[in-house]
Every structure is written in structure tokens, then in C-alpha cells.
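Chemist:
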Amino acid sequence: MNHNLALLPSEQKQLVEIDKQAAYAVWQVKNGVADNTIFSQELKALRGISQQEHYQNCVARYQQKMGM
Numbered sequence: 002m003n004h005n006l007a008l009l010p011s012e013q014k015q016l017v018e019i020d021k022q023a024a025y026a027v028w029q030v031k032n033g034v035a036d037n038t039i040f041s042q043e044l045k046a047l048r049g050i051s052q053q054e055h056y057q058n059c060v061a062r063y064q065q066k067m068g069m
């Protein structure tokens, strides 16, 4: 099944970007590139409660997947 992310509404595109950001932040912490403060820094940069909650959920999901 093919999905063209460019066709998504802008709000959904933003959620995809937040998901990618969370995955990369967890990878950085796991591999010693960054420390845990990256999560709070990125969380502060997000606007809106829904984006912040989505980021936190994604971080928790990726931490579990990566065994952290």
C-alpha cells in the first residue's frame, strides 16, 4: 500500500514531523549523542498542548521500542 505524505493536511504532516523528531531524539539519547534534556528542550519548542502530548506519547513509544 502506498501513502503519499505530501497529500496529507498540514496538521497531519506536522504530527508526522513530530513523530520523526521524537524518534531521532530517543535515538540520540540511546546512542550517547545527547542527554535527556533534549526531550524537555524539544517539548518547549512545540506549540500547543496537543503537539506536546503527541511528542510525549511518541517519545514513550520509541523509548519502549528501543529498550530504554
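So the sequence shown is numbered by this note's numbering: it starts at 2 and just counts up by one.
Virtual Cβ for every residue (Gly too), placed ideally from N, Cα, C.
Just so we're clear, the structure is a prediction, and the values are computed from it rather than from any experiment.
From Lys66 to Ala26, what distance separates their C-alpha atoms?
Modeler: As a working mapping, residue 66 is identified with position 65 in the sequence shown. As a working mapping, residue 26 is identified with position 25 in the sequence shown. Taking the straight line joining both Cα atoms gives about 13 Å.
Chemist: Keeping to the same chain, check which residues put their C-beta closer than 8 Å to that of Ala35; ignore five residues upstream and five downstream.
Modeler: By 1-based counting over the sequence shown, the position of residue 35 is 34. Only Ala26 and Gln29 meet the Cβ criterion.
Chemist: Quick check on Ile50: buried or exposed, where buried means 16 or more other Cβ atoms within 10 Å of its Cβ?
Modeler: As a first step, residue 50 is located in the sequence shown; it is residue number 49 there, counting from the start. Counting Cβ neighbours within 10 Å, Ile50 comes out exposed, since fewer than 16 surround it.
Chemist: Taking only runs that begin and end inside the segment 25 to 66, name each unbroken alpha helix (DSSP H) of 4 or more residues, in chain order.
Modeler: Entirely contained in the segment 25 to 66, the alpha helix (DSSP H) runs reaching 4 residues are, in chain order, 38 to 46 and 50 to 66.
Chemist: Report the three-state DSSP secondary structure of Leu8 (helix, strand or coil).
Modeler: One-based indexing of the sequence shown puts residue 8 at position 7. Helix at Leu8.
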